Amino acid sequence: MSGFYRYLSSEVMPLMNKEDFRNSGYPPTKLKMLLYINEKGDITDVGFPDESLTKDCEAKMRAKLLTLKGWKAPVIDGKPIKSTFLCSINCILWQ
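Using the numbering used here, you'd call the opening residue of the sequence shown number 67 and step up by one each time.
Here's what the structure looks like:
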């Protein structure tokens, strides 16, 4: 997981710094992301529930996250299955 959070910090979160936050004037204090992982361990989609990100920022973050490798699908009865991973990041100050 530490590699995942390093990737978020270095590749994904800098996109937040470029966000305008027109509605509130400041970034959210928590960012939730849903990663949809297929049977092969590939991220097939990313969702941002209940966030105040612009569609442009979501699209840029989604594109970065879709390139992330190294996931393993869970196995049930000896067969890999699709899964959803909820990632919630608490933030005091975006940098």
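Every residue, glycine too, gets a C-beta built ideally from N, C-alpha and C. If you're wondering where the values come from, they're calculated on a predicted model, not measured in any experiment.
Coarse secondary structure for residue i, derived from DSSP in three states
i: residue 69; result: helix
Cβ shell of residue i (< 7 Å), same chain only, five flanking positions each side left out
i: residue 115; result: 98 and 100
Option in the options with minimal Cα separation from residue i
i: residue 75; options: 104, 131 and 108; result: 131
i: residue 108; options: 135, 126, 127 and 128; result: 135
i: residue 144; options: 96, 105 and 73; result: 105
i: residue 156; options: 96, 69 and 77; result: 96
i: residue 137; options: 124, 151 and 129; result: 151
Sequence-distant residues of the same chain with beta carbon closer than 6 Å to residue i, five excluded per side
i: residue 111; result: 102
Spatial neighbours of residue i in its chain, beta-carbon cut-off 8 Å, leaving aside the 5 residues before and after
i: residue 140; result: 146, 147 and 149
* To do: Tell me the start and end of each unbroken alpha helix (DSSP H) in the region 90–155 that is at least 4 residues and wholly inside, in chain order.
  => 121–132
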